[in-house]
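Chemist: Here the protein sequences come in this chain order: X and R. Note that numbering that gives the first Met the number 0 has the first sequence beginning at 0, numbered continuously upward. Note that numbering that gives the first Met the number 0 has the second sequence beginning at 0, numbered continuously upward.
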Amino acid sequence: MFAKDWLAAPHEKIRFDVKLVMILAIVAFLLIFNVFPMCYLIFRAFVNESGFTLDAFKRIFTYPLNWNALYNTLVTAGLSMVFGVMIAFPLAWLVGRTDLYGRKFFRTLFVMTYMVPPYVGAMAWLRLLNPRVGTLNVWLSDLFNLSGNPFDIYSIGGLVWVLTTFYYPFAFITISRAMEKMDPSLEEASKVSGASPLKTVMTVTFPIMLPSIVAAALLVFVSAASCYGIPSIIGAPGRLDTVTTRIIDYVYVGSAEGLTDATTLAVALMAIANVVLYVSTCICGKRQYITVSGKSTRPSIVELGKWRLPMTIAVGLFAIVVVVIPFATVAMTSFTKNLGKPLSLANFTTHYWHILFTRKGILDTATNSLIAASVAATAGIVIACVMAWLLTRTKAKGRHIPDFLITVGSGTPSVVIALALIMTMSGRFGINIYNTLTIMIIAYMIKYLLMGMRTVVSAMSQIHPSLEEAALISGAQWHRSFKDITLPLIAPSVVAGWFLIFMPSFYELTMSTLLYSANTKTIGYELFTYQTYHSQQTASAIATGILLMVIMVNWLLNKLTKGQFSI
Amino acid sequence: MLKKLISCFTALIIISYASASQAASKPKVTIYTSMYEDIIDAMTDVLHKKFPKYDVEFFYGGTGTLQAKIAAERDTKKLGCDMLMLADPSYALELKAEGLLHAYLSKEAENIALEYDREGYWYPVRNLNMILAYNPENCKKEDLPQSFKDFASNATMKGACSMPNPLTAGTALVAISALKDKYGYEYFDLLAQNRVMVESGSVALTKLETGECKEIMILEESVLKKREEESSSLEVIYPLDGPIGVPSPIMTIKDGWSAHNNAKICEELTDWFLSPEGQSYIVKGWMHSVLKNPPSIPYDSIPTAEIIKKAMPVNWANCLKERSELRTNFEERVKNKR
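1. So which residues on chain X does ASN134(R) lean against when the C-beta distance must stay under 9 Å?
2. Where DSSP assigns a beta bridge to GLY57(R), which residues make up the other side?
3. For chain X, find out if any of its Cβ atoms is closer than 8 Å to the Cβ of CYS160(R); answer yes or no.
4. Let me know the secondary structure DSSP gives CYS384(X) once reduced to three states.
5. Compile a chain-ordered list of the residues in the region 48-65 of chain X whose CB is closer than 7 Å to at least one CB of chain R.
6. May I ask you to report which of helix, strand or coil DSSP gives CYS226(X)?
7. Express the C-alpha separation of ASP40(R) and ALA540(X) in angstroms, rounding to a whole number.
8. Which residues does DSSP pair with ALA132(R) in a beta bridge?
9. Report the partner residues of TYR122(R) according to the DSSP bridge assignment.
10. Suppose you measure from the CA of GLU324(R) to the CA of SER516(X); what does that come to, to the nearest Å?
11. At a cut of 8 Å, does the region 191-211 of chain X reach the region 463-476 of chain X through at least three beta carbon pairs?
12. Is the shortest distance between the beta-carbon of SER516(X) and the beta-carbons of chain R less than 8 Å?
13. May I ask you to report which of helix, strand or coil DSSP gives ILE363(R)?
14. Applying the criterion that 16 or more other CB atoms from any shown protein chain within 10 Å of the CB defines a buried residue, is GLY451(X) buried or exposed?
15. Name, please, each residue of chain R whose Cβ falls closer than 7 Å to the Cβ of THR521(X).
16. Quick one, which residues of the region 236-257 of chain X are near chain R if we go by CB-CB under 7 Å, in chain order?
17. For TYR433(X), go through chain R and note every residue whose CB falls closer than 7 Å to its CB, in chain order.
18. Listed in chain order, which residues of the region 201-227 of chain X have Cβ atoms closer than 8 Å to some Cβ of chain R?
19. For chain X, is any of its Cβ atoms less than 8 Å away from the one on PHE147(R)?
20. Give the straight-line distance between the Cα atoms of LEU347(R) and ILE301(R), rounded to the nearest whole angstrom.
21. Between the region 310-329 of chain R and chain X, which residues of the former have CB atoms less than 9 Å from a CB of the latter, in chain order?
22. Count the other C-beta atoms from every protein chain shown that fall within 10 angstroms of the C-beta of SER33(R), then say buried if there are 16 or more, exposed otherwise.
23. Count the other C-beta atoms from every protein chain shown that fall within 10 angstroms of the C-beta of CYS80(R), then say buried if there are 16 or more, exposed otherwise.
24. Under 8 Å, do ARG238(X) and ASN65(X) count as touching if we go by C-beta distance?
25. Since I believe SER222(X) is in contact with ALA371(X) (beta carbons under 8 Å), could you give me their beta-carbon distance rounded to a whole number of angstroms?
26. For the candidate residues GLY496(X), ILE462(X) and ASN434(X), whose alpha-carbon lies nearest to that of SER480(X)?
27. Check the DSSP bridge columns for LEU127(R) and list the partner residues they point to.
28. Could you list which residues in chain X have their beta carbon closer than 9 Å to that of CYS80(R), in chain order?
29. Of all the options PHE326(X), ILE324(X) and HIS350(X), which has the alpha carbon lying nearest to the alpha carbon of THR335(X)?
30. Taking C-beta to C-beta, are LYS291(R) and ALA71(R) nearer than 8 Å?
31. Expressed to the nearest angstrom, what Euclidean distance is found between the alpha-carbon atoms of PHE88(X) and ILE212(X)?
32. Please state the DSSP three-state secondary structure of ILE281(R).
33. Just to confirm my understanding: we take ASP180(R), look at its own chain, exclude 5 residues before and 5 after, and list those with CB closer than 8 Å. What are they?
34. When you compare the CB positions of GLU276(R) and PRO236(X), do they come within less than 8 Å of one another, or not?
35. Output the boundary residues of the alpha helix (DSSP H) element that contains SER24(R).
36. Check whether the Cβ of ASP363(X) lies closer than 7 Å to any heavy atom of the ligand GTP, and answer yes or no.
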């Protein structure tokens, strides 16, 4: 619809306009694989073989269970969003802008959480906080002599806890990036005028950061609302359904009616996500502070003074509870024979690690995921670079259309993307990529492109155009200047952006659950089946393996590029 | 340096992507199955030796998951598989009625102890049994329910019992169908009252080990596997109202619908799976054989004839007819009861 009036623009320049061709290519990709499937999904929710009908809607929304699920989704995603941002903002500030001890270490640690599958966290917390014999529960109740166990993970609170601890990194990454490119002169002014560091944060930093905070909040909300792994592991025993688990249940009922019901519910979920997206764009749109995208400056470091040690301890404690304990639990599980007994020499085994390296199913799926995620990340980052250039360096008409579509894509719940792709890309409209790796790559790109794009765009806006202008004046073509000036300068962000697309694609579960086929099963799905069907220990070994791989790649990148590149 | 690295890397991705989408040269058979990955691994090796000319590949998924997948694939008029070894026998009735199956009269059929399709559309290939299990390290056997009826109605089980999900597991669907026929839908309400946790096998077994659950409804093979492989002390209780036997079928998709149109090869495979040799691998995989003279019994189990004799009757036609109704009722009465 946007494209239409825009296409009516003058045509005389089209022949040589590389910008236009690139915009068109990206828009075409998004129209075919994102907009069209979504529209068809909405169409199918209202129209069946016998024509237009509201039957499915009536069926879905007169069913109290679905209202319950809707309520649970809104509450858990909403609370995770609030808590996630409340955690991410101070953390991003402490780690990015103060002289906290071990800032770099903490930064890597928090970003690391983004790099492991969230349902792995659910596994760990399940063991730690189940109401009858949870390890942490029992320990706490012994320590404080309580009559019962203090926590119940099978509750709304438990769900919010796990969702928050695994989705706040999305907000942390987004807010950190914005904070790093903030112009510090305003903060300095506040400081000079006698404001305390805390007052400066509240009256200067926070308001300037608001657009990024809103964007971060949105990301957490949509991720939490469309998550399948965590609610299916935590929610099932507590009888807590979310819209995503309901949709997957409807698909599993296996009938045609089940599929229609799933579609209809998916449309409802999409509507919620879009409303949230719209509201946040409204807030952000009104508040574009020039100071955020000004000249390249390195923000000053705030000295914490007497607060330095206590703050470091506080952040350290947070890291222990949220990162170290669950990951250590998972790692220990992978070596434990009998999960009912503590890990001891008699109860120790490397059997599951042996399985990890020898089982064909695991190796095959890991290869599939590696290929799919690499292609998605590489293609995604190319689009991200082009988009960054279009957005920050050109005034090309319509450059905000692909930007908008990419944002909508990421704001769409995963399960909706997958359903829509299945319905439209299995030959009905001339494209048949169902059961191939390609459909997965496209799904991953639509879902995760935004994180990569935002990273590159923010890096690009830090580089002053004068450098490129110098190249142009010296006679270089625009692509030469892009290759020789811009690319080397934004390279660290490009690598970081690549990983931000690669990692979630690598262990993706929700979409893969619906899109996999005999030859394209992914490691995320394999890990989930091991967790739920075959053996939790093997699942833990896979998860720990993924984490170790991430740590190694990060270390290697850091070493090879002398600290210039890291995740 | 960096540029070279990046270009090498990109080339690698493209090459591996291209090679991943290429097909193998040997005639191929893909089998959708709900058997454990360990068993699939063992079977793949054996089949590789037995049938070196063919490329036989298993694809694992829960029965419900695979049914949903097949439902989506049917839309494209071509399935992703050539054979099915799913748990739920009623699904064979459905596919036969819809004309998706290939008929073949196996020479091994006369040795089968259980009911099979006389026209050769499907044969039982492994005999699974839904039972109860407990952890003797945490509970005494005599304190626990000894029947499915008691499992749902005994108040001491409240919040400490678990069962598989009929939405994803075919055996669980068969189980709730049999239990519904015997005790009515009230049985579902009793389960809900006892706050049964609905989850998959590995999660439930872990809960039994840690003591979070006292007793669980589960497939016999899962417990036996754990006993043999991990010297686990978990034990089976064969319910007094009868273990629920699930004679899981093997069936071939007819050419045209199947992924590789190799029905002739599938016939050979069917014969092998039903032969004493094929059945011995089923038994090694902790499932009971379907033969009149079983090669052996699964590790630590009771004789196959005994478990068949004790089994709770299942009405397969009902199970098929009421599949959606059973799943929806279970959803409403058990899974989502607050």
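Backbone N, C-alpha and C define an ideal beta-carbon position, used for all residues, glycine too. Bear in mind that the values here come from a model prediction, so they are computed numbers and not experimental data.
Modeler: According to the data block:
1. GLY339
2. A quick correction: the sequence has Phe, not Gly, at residue 57(R). Residue pairing by DSSP places PHE57(R) opposite ILE30(R) in a beta bridge.
3. no
4. Three-state DSSP puts CYS384(X) in a helix.
5. LEU64
6. Of the three classes helix, strand and coil, the one that applies to CYS226(X) here is coil, per DSSP.
7. 18 Å
8. ILE215(R) and VAL235(R)
9. DSSP output for TYR122(R) lists ILE249(R) as bridge partner(s).
10. 28 Å
11. no
12. yes
13. The structure shown does not extend to residue 363(R), since chain R is modelled only from 0 to 337, so the question has no answer here.
14. buried
15. What THR521(X) touches in chain R: nothing, since even the nearest Cβ is about 12 Å away.
16. From the region 236-257 of chain X, only PRO236, ARG238, ASP240, ASP248, VAL250, TYR251, VAL252, GLY253 and SER254 have a Cβ closer than 7 Å to chain R.
17. THR75
18. none
19. no
20. There is no way to answer for residue 347(R), as the model of chain R reaches only from 0 to 337.
21. ARG322, SER323, ARG326 and THR327
22. buried
23. buried
24. no
25. Between SER222(X) and ALA371(X) the Cβ distance is about 20 Å, and since that is not below 8 Å, they are no contact.
26. ILE462(X)
27. VAL245(R)
28. ALA517
29. When C-alpha distances from THR335(X) are compared across PHE326(X), ILE324(X) and HIS350(X), the shortest belongs to HIS350(X).
30. Cβ atoms of LYS291(R) and ALA71(R): not closer than 8 Å.
31. 8 Å
32. Residue state, collapsed to three classes: helix.
33. PRO312, VAL313, ASN314 and ASN317
34. no
35. First-last for SER24(R): undefined, no H or E at that position.
36. Absent from the structure shown: the ligand GTP. Ligands present: none.
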